[in-house]
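Okay, structure first, notes after.
Numbering (my numbering), first residue to last: 27 to 111.
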């Protein structure tokens, strides 16, 4: 069975370098960006003001400078909001 790809419809960047995401099915999830911050092109996101510029575009999360993350990565590597994990 093929997995359905879900678009991101809302994002709230947080000071701890996590993203509070809402997907098109209404599901809310938390994606921790810290493990990506040493890798190009994400190293620019270490700067908190720049990280906080995250917004939704093209069904995923984008930043200035053509930085984005695939929506399937955001979903697969995130945890349900409120799970406390």
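Heads up, the beta-carbon is just placed ideally off N, CA and C, and yes, glycines get one too.
| query | result |
| --- | --- |
| Limits of the unbroken alpha helix (DSSP H) element including residue 102 | 97–102 |
| Nearest-angstrom beta carbon gap, residue 93 and residue 67 [assumed within contact, 8 Å] | 5 Å |
| Whole-Å CB distance - residue 100 paired with residue 34, under 8 Å assumed | 6 Å |
| Classification of residue 39 by the beta-carbon crowding that lies within 10 angstroms, buried from 16 upward | buried |
| Residue interval of the beta strand (DSSP E) (run including residue 49) | 44–49 |
| Buried or exposed by the 16-neighbour rule on C-beta atoms within 10 Å, applied to residue 80 | buried |
| C-alpha distance - residue 57 paired with residue 44, whole-angstrom precision | 5 Å |
| Burial state of residue 104, where buried means 16 or more other Cβ atoms lie within 10 Å | buried |
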